[in-house]
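In mature numbering (1 follows the signal peptide of the UniProt record, and there is no 0), the protein residues as written are -23 to -1, 1 to 582.
We put the beta carbon where it would ideally sit given N, CA and C, even for glycine.
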Amino acid sequence: MRLVLSALALAIIPVVSGTPAMAQEETVSVVAVEDALFSQNTLLNEAEKKIFSKQNELNNQQEQTSRLEAQGKELSSRLQNAKAQLAKDYARVSDAPDFDLAPSQNAYQAAWAKVKQNQQQRLGSQQQEETFAAELQALKAEKLAIEQKIANLKEDRQRARVATIRSEISQKGEQTVAYVNSCKTDMTLEQCAKQTNTLALQKAVRQYQSALLEGTTESKLAKQNQAQATLNIHVLQQQVSKAEFLGENQYSSMLKVTLNARPAENAPCKLLDIDSKYCFAPSQASEPEKIKETAWHSVVIRSNQYDDQLIIDGVRYGSTPAEVMLPVGQHHIQIEKEGYIAFDQLVVINGDQTLRAELVAKQNVAKPGETFADNIGKHSAAPEMVVVTQGTYMIGERAGKQVKLSRGFSISTTPVTVAQFRAFVDQTNYQTDAELQKVCTRIEQAAIAPVANKYWRDPGFSQQDNSPVVCVSQNDAQAYVNWLSDKTGYFYRLPSEDEWEIAARAGSEKAYWWGEAFGVGQANTGWGGTPWSNNSSSPVKSFAPNAFGLYDVVGNVWEWTSDTKGLLKGGAWSFSPEKAKAESQLFIAPSSAANFAGFRVVRQL
């Protein structure tokens, strides 16, 4: 291996173990590489300062050139004016021979002198500008060379770490161990002694491995990763220094064991948790003139999906579209996105090209009643959803309208809660219509009345994180589902009236999903016989779910649908049970907010 730092006369550490190719390699010491890295980083800092200073000089000179060019235009204009005046005065001489041309001649000569002076100044400034530009390029080239040296040194540091730990774990040594074994009663003395010696040898191997790792320069890291590495410890020799039967089936043995570690070629890399390439000798050409040049080409990669992941030859390049430079040859290109079949092909690159991948959604046959929640962050999830499958359903007044649902959907099991809406607001700084208009309505003496300065955080009654969010308009609900769609990559929206009623009825053709009669205490409506009736909303899931697994589809809060006229369904804590029937409707303006109105969401399957 040709060492980048050979000229620095750095200390050499021999590799104790490995293949013949690796055994012949010489690697600079870690300390020497660190010293060289420090020196190069110092040079890099100095180079960056010089570049900054030279760039300022160049910028100032460019400004000076620009000023002189602007001045030149002004002086040229004055020269043309002086020339025109001189020509005009010459014309007057024919009519008035005594006319004095001296003033116009002097003015023209002065203007011409200034133009020439400006031209010389501009030329000088441009030449100085070119000098600064050349010096800047030289400094940048110097910086690039230093950065390349640093990159090479970092590679050398990894190989130096490997060489150091390889020599530390490729050792021959001795262990003295004592072991007391409780033998089975049916064993002979010879069998007991043999088993005890075997267990003692196992103990010696464990102790030796621990001692090797403890003795490494990077022992803490090596011990953390020891399960990933194979040290291949061999017992070369064993000698029983003491053995005796202690009675009660116990046998004691003391062994002196000679061991040798023959670690796997990539064991140092596993212990150091670095790429295994550093554990193998880099390939070299035997003759410099035989080094083969490799052509590189620009490859533009696109897919039909956003927020995907591009992986080329095992290296992640972020999302598409992306333009990368690849050498001629075959490359493994993958494009992945959750919920889609990955693009995975071996592509031969032999010129500039554009590659477009079509990601196809995975077939995901939903099961009725199945629940799920999409991820929207590292520690949070979207609302829990339940699947409603395609089929024929009866809805409307007295369940007299037949609806054929050709495609299933999923709907949230509860209205969106205060905590879920707060997560949206915290991330987007969204302001609701109630906050902007400084009003949220409520029911007062059987009429809807506005209440000033009330909004979703303070609707006029106490709420918990798991209470349904209220004082939100249809506009606010739409903003929330748009955010959910953006965060998850799936399409969320408000339910249509038919979808809401299909989910709320859960196959029932009665007024309420449980039957025709309301029943005291079965849901939070006005005069419903619950602690919250006529007082406030109740925490979600305070009452039993319907057959589809949906909570709070009777009472608690009216829920916005996608109807542009402002249609809500479900009844609320301040409305009579009659208004909570499945077919009931309430209309308010889409921009209005009320302390009895919330929403739940639908996600397309």
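Neighbourhood of residue i by C-beta, 7 Å cutoff - its chain only, sequence neighbours within 5 removed
i, result
"residue 85", "59, 60, 63"
"residue 553", "502, 503, 504"
"residue 474", "538, 540, 544, 546"
"residue 587", "Here the chain comprises residues numbered -23 to 582, so residue 587 is not present and cannot be evaluated."
"residue 518", "391, 528"
"residue 493", "487"
"residue 290", "308, 309"
Environment of residue i [buried if 16+ CB atoms lie within 10 Å]
i, result
"residue 267", "Low local confidence applies: a pLDDT of 38 at residue 267 is under 50, so the model's placement there is unreliable, with the coordinate-based value given in what follows. When all chains shown are included, residue 267 counts as exposed."
"residue 378", "exposed"
"residue 151", "exposed"
"residue 530", "buried"
"residue 67", "exposed"
"residue 255", "buried"
"residue 397", "buried"
"residue 36", "exposed"
"residue 349", "exposed"
"residue 108", "exposed"
"residue 440", "buried"
"residue 405", "exposed"
"residue -19", "Residue placement at residue -19 is poorly supported in this model, since its pLDDT is 28, which falls under 50; the coordinates still yield a value, given next. The residue in question, residue -19, is buried, as its Cβ has 16 or more Cβ neighbours within 10 Å."
"residue 532", "buried"
"residue 305", "exposed"
"residue 138", "buried"
"residue 269", "The pLDDT assigned to residue 269 is 40, lower than 50, so where the model puts this residue is not dependable, and the model offers no usable value."
"residue 558", "buried"
"residue 525", "buried"
"residue 208", "buried"
Simplified DSSP assignment, three categories, for residue i
i, result
"residue 101", "helix"
"residue 251", "coil"
"residue 494", "coil"
"residue 463", "helix"
"residue 301", "strand"
"residue 554", "helix"
"residue 568", "coil"
"residue 454", "helix"
"residue 78", "coil"
"residue 10", "helix"
"residue 232", "strand"
"residue 37", "helix"
"residue 225", "coil"
"residue 361", "coil"
"residue 66", "helix"
"residue 331", "strand"
"residue 276", "strand"
"residue 92", "helix"
"residue 49", "helix"
"residue 468", "coil"
"residue 562", "coil"
"residue 445", "strand"
"residue 504", "coil"
"residue 287", "strand"
"residue 72", "coil"
"residue 218", "strand"
"residue 237", "strand"
Beta-carbon proximity list for residue i, same chain, < 8 Å, skipping 5 on both sides
i, result
"residue 335", "280, 281, 320"
"residue 212", "178, 181, 182, 234, 235, 236"
"residue 511", "503, 504, 550, 551"
"residue 113", "28, 31, 32, 35"
"residue 45", "95, 98, 99, 102"
Neighbourhood of residue i by C-beta distance below 6 Å, restricted to the same chain and skipping five residues each side
i, result
"residue 333", "279"
"residue 313", "286, 319"
"residue 96", "none"
"residue 469", "458, 461, 462, 578, 580"
"residue 298", "279"
"residue 250", "202"
Worksheet entry | Completely contained alpha helix (DSSP H) runs for the segment 125 to 205, where each covers 4 or more residues | 166 to 191, 196 to 201
Item to complete: Check whether the segment 224 to 234 touches the segment 276 to 289, counting contact only when three or more Cβ pairs, one atom from each stretch, lie closer than 8 Å.
Response: no
Item to complete: Could you tell me whether the segment 479 to 496 touches the segment 374 to 391, where touching means 3 or more Cβ pairs closer than 8 Å?
Response: Using a C-beta cut-off of 8 Å, the segment 479 to 496 makes contact with the segment 374 to 391, since at least three inter-stretch Cβ pairs fall below that distance.
Discussion item. Quick check: the segment 409 to 417 against the segment 378 to 397, are at least 3 beta-carbon pairs closer than 8 Å?
Written reply: no
Worksheet item: Looking at C-beta atoms only, is the number of pairs between the segment 174 to 194 and the segment 111 to 130 that lie closer than 8 Å three or more?
Response: Pairwise C-beta distances place the segment 174 to 194 out of contact with the segment 111 to 130, as fewer than three of them are shorter than 8 Å.
Practice prompt. State whether the segment 37 to 45 contacts the segment 125 to 133, with contact taken as three or more CB pairs (one from each stretch) at a distance under 8 Å.
Written response: no
Fill in: Segment contact, 8 Å Cβ cut-off, at least three pairs: the segment 417 to 431 with the segment 465 to 484
no
Fill in: Ordered list of beta strand (DSSP E) runs contained in the segment 347 to 427, each at least 3 residues
352 to 354, 362 to 365, 368 to 372, 378 to 382, 386 to 389, 416 to 421
Discussion item. Would the segment 557 to 572 count as touching the segment 438 to 457 if we require 3 or more Cβ pairs under 8 Å?
Written reply: yes
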